[in-house]
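Below is one structure; the comments refer to it alone.
In UniProt numbering, the protein residues as written are 1 to 715.
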């Protein structure tokens, strides 16, 4: 590990004050000594009786050195310290920094996870040695002969001076043997073999005193925190750390099973740990008050780690990373091709978000911290060891889904959701191992936690294309997902069911099957009208996908989807997709008639042309164009008589995107053939001529021009 990495890591965790890194200035000699006494007393009182699991000898040795400094400083405080030599004062200021660094290092060893300390055994030992060397140098410079001290204090300081000179780097051989053994288990997985369970029990339980599922989960979370805060020059690499996390998660279930206290932890209403989605509950309750620029365009959630992509747009790192990992090569917001996939941190925006959260009392989670519900990590290519450990874990979990108690099934569903969250390999072998039938059965569970985790696990599995057919081919699975969408126990379960339908409907042949499933379209329409901001987004993207199948038009009209989509035109978060879906529906006469019958339809589309995003304006003008083409004279008259449309079309012909200009030019030609065109659109000539230069044939490429909604987020 590079010099200072330990201290920078702990500063992120503990956020000590600036005094830890700057020597005090403008203090009298007396005040300086008094300050040093307080710091030394704090270190001794906090750590002298602390039992360190690792770095025991190094920690005790450092604490003994601080105790000698404590003795020296207390003597100086109680005597006349106002006449100290200048060299002594300079040394005391340097001592201030050394004491604070000692406190940071001891605190790090006391609070870090056992597995992480084991991995960093050599590096942390080096930091103890570095501190000792600096203490030795300070004592060599300190003018001991020029400072009046008692015989006892002087002897103690001189002894410390001699000991510091002789001290050598100490690495505990027993601890290092454990570290080597830890990596040997990972090597077994790398070779495609699971380590002996007795050996694993000896290592985790007997050697490390990780005695239950709760302490094992704590160790996993500690390693995961290090992955999030990983610095490029720190060993082991993120890929290796992911392998160690996967192995420890496997051991958690192999060694400790599905303990009742852990299940109660998730099911008890009073003890239930708040689970992290892409947005915290506190933020969700005040979603509409969050500044738009602080929300990710993909997830609609407050950005925790904003990054800039090659097009200059800003997204939350986890959302745009998933977008790219799924094979997309365009900017979700603008549709431009990405020149490269580098992500540049938007630190200025991050600072503004932190300030806003602090001012409004909104808890801002650290970027990409994974909790038990499975938040995302910085991406890294999975090693064979990680994949094999995850495969072994999946086998244990599916065994519990098949034959475990109801509480064990709940825990297993949660863990499968976590495993299915990242990596197509994980999604593939979970489905291949037979998880889908058991997850389908658990969708009808009266347990809200079990149901929510099951439907979200299916959502995550469905991201892998081959799993879409497995889910659709499983008898009763689609119906169970729709049932959760309609009657799910929690809002999250209903929203994730809608997102699952969106994911499945990416396959053209499944769009008709999903639309024909009893209550599916009705439930999506209801969620679009009455759901949370995120629920509306899930519903509108699913409805958009369903609307791309021409045979679904009548079904969507009958189910009230048209009414819901028209209402959504006034909602900024979902208006683009709603307009796109309407533009597809109105291509059929029956769809055009249904839209014309909606009083707010034309006005809503006009409003989008005025205030919408570039994509929204494209979809809005496309919908109006198709409404005129398919809706007959009545529809055309409704559009022609819409107030302010002439000016909006003129603006769009000059300032719109290429596709928007093409649609606007086509709409202008429709108006030319209308007997009222000369009355209402005499000012279109210049703009029409401008657009016509690149649009000389009838625009018939509508389906390919509708802006497609973004892919669903993995939860």
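By construction, the Cβ of each residue, glycine as well, lies at the ideal position given by its N, Cα and C atoms. Note that this is a predicted model, so its numbers are computed, not measured.
CB-CB under 8 Å to residue i, same chain, minus the five flanking residues each way: which ones, in chain order?
{"i": "residue 466", "result": "428 and 431"}
{"i": "residue 147", "result": "76, 84, 85 and 88"}
{"i": "residue 267", "result": "Interpretation of residue 267 is limited by its pLDDT of 47, a score under 50 that renders its predicted location unreliable; no figure is taken from the coordinates."}
{"i": "residue 644", "result": "606 and 610"}
Whose C-beta lies closer than 7 Å to the C-beta of residue i among residues of the same chain, with five residues either side of it excluded?
{"i": "residue 500", "result": "455, 458, 459, 462 and 481"}
{"i": "residue 417", "result": "374, 453, 456, 457 and 460"}
{"i": "residue 387", "result": "425"}
{"i": "residue 539", "result": "498, 524, 527, 528 and 531"}
{"i": "residue 522", "result": "559 and 560"}
{"i": "residue 226", "result": "116 and 241"}
{"i": "residue 519", "result": "482 and 486"}
{"i": "residue 608", "result": "569, 575, 579, 616, 617 and 620"}
I'd like the list of long-range same chain contacts for residue i, defined as Cβ closer than 6 Å, with 5 residues on each side in sequence excluded.
{"i": "residue 54", "result": "117 and 175"}
{"i": "residue 565", "result": "578, 581 and 582"}
{"i": "residue 63", "result": "47 and 48"}
{"i": "residue 536", "result": "528 and 574"}
{"i": "residue 330", "result": "337"}
{"i": "residue 78", "result": "none"}
{"i": "residue 353", "result": "294"}
{"i": "residue 324", "result": "341"}
{"i": "residue 600", "result": "566"}
Hey, residue i and residue j: beta-carbon distance below 7 Å or not?
{"i": "residue 493", "j": "residue 438", "result": "no"}
{"i": "residue 442", "j": "residue 450", "result": "yes"}
{"i": "residue 587", "j": "residue 630", "result": "yes"}
{"i": "residue 659", "j": "residue 602", "result": "no"}
{"i": "residue 114", "j": "residue 208", "result": "yes"}
{"i": "residue 94", "j": "residue 131", "result": "no"}
{"i": "residue 415", "j": "residue 440", "result": "no"}
{"i": "residue 590", "j": "residue 635", "result": "no"}
{"i": "residue 333", "j": "residue 291", "result": "no"}
{"i": "residue 487", "j": "residue 542", "result": "no"}
{"i": "residue 71", "j": "residue 141", "result": "no"}
{"i": "residue 393", "j": "residue 249", "result": "yes"}
{"i": "residue 594", "j": "residue 562", "result": "yes"}
{"i": "residue 90", "j": "residue 37", "result": "no"}
So who's on the other strand from residue i, going by DSSP bridges?
{"i": "residue 316", "result": "306"}
{"i": "residue 330", "result": "337"}
{"i": "residue 345", "result": "307"}
Can you look up residue i in the DSSP assignment and give me helix, strand or coil?
{"i": "residue 379", "result": "Caution applies to residue 379, whose pLDDT of 48 falls short of 50 and renders its modelled position unreliable; the model cannot decide the point."}
{"i": "residue 296", "result": "coil"}
{"i": "residue 518", "result": "coil"}
{"i": "residue 374", "result": "In this prediction, residue 374 has a pLDDT of 37, which is less than 50 and means its spatial position is unreliable; nothing more can be read from the coordinates."}
{"i": "residue 143", "result": "coil"}
{"i": "residue 210", "result": "coil"}
{"i": "residue 405", "result": "coil"}
{"i": "residue 720", "result": "Any property of residue 720 remains undetermined from this structure, which presents the chain solely from 1 to 715."}
{"i": "residue 176", "result": "helix"}
{"i": "residue 580", "result": "helix"}
{"i": "residue 193", "result": "coil"}
{"i": "residue 597", "result": "coil"}
{"i": "residue 588", "result": "coil"}
{"i": "residue 429", "result": "helix"}
{"i": "residue 484", "result": "helix"}
{"i": "residue 158", "result": "helix"}
{"i": "residue 677", "result": "Annotation note: pLDDT 45 at residue 677 (below 50); position unreliable, no value reported."}
{"i": "residue 50", "result": "coil"}
{"i": "residue 121", "result": "helix"}
{"i": "residue 476", "result": "coil"}
{"i": "residue 658", "result": "helix"}
{"i": "residue 400", "result": "helix"}
{"i": "residue 86", "result": "helix"}
{"i": "residue 549", "result": "coil"}
{"i": "residue 273", "result": "The pLDDT assigned to residue 273 is 42, lower than 50, so where the model puts this residue is not dependable, and the model offers no usable value."}
Kindly say whether residue i, judged by its beta-carbon, lies nearer than 7 Å to any beta-carbon of chain D.
{"i": "residue 89", "result": "In summary, chain D is missing from the structure at hand, where a single protein chain is found."}
Measuring from the CB of residue i, is there a heavy atom of the ligand GDP at a distance below 6 Å?
{"i": "residue 226", "result": "No copy of the ligand GDP occurs in the structure displayed, which carries no ligand at all."}
Would you check if there are 3 or more beta carbon pairs closer than 8 Å linking the segment 382-393 to the segment 181-194? yes
Indicate whether the contact test is met: 3 or more Cβ pairs, each with one atom in the segment 504-524 and one in the segment 543-554, closer than 8 Å. yes
Below 8 Å, how does it come out for the segment 99-107 and the segment 25-44: are there three or more Cβ pairs, yes or no? yes
Looking at C-beta atoms only, is the number of pairs between the segment 176-186 and the segment 112-129 that lie closer than 8 Å three or more? yes
The segment 104-113 contacting the segment 199-217, beta-carbon criterion three pairs below 8 Å: no
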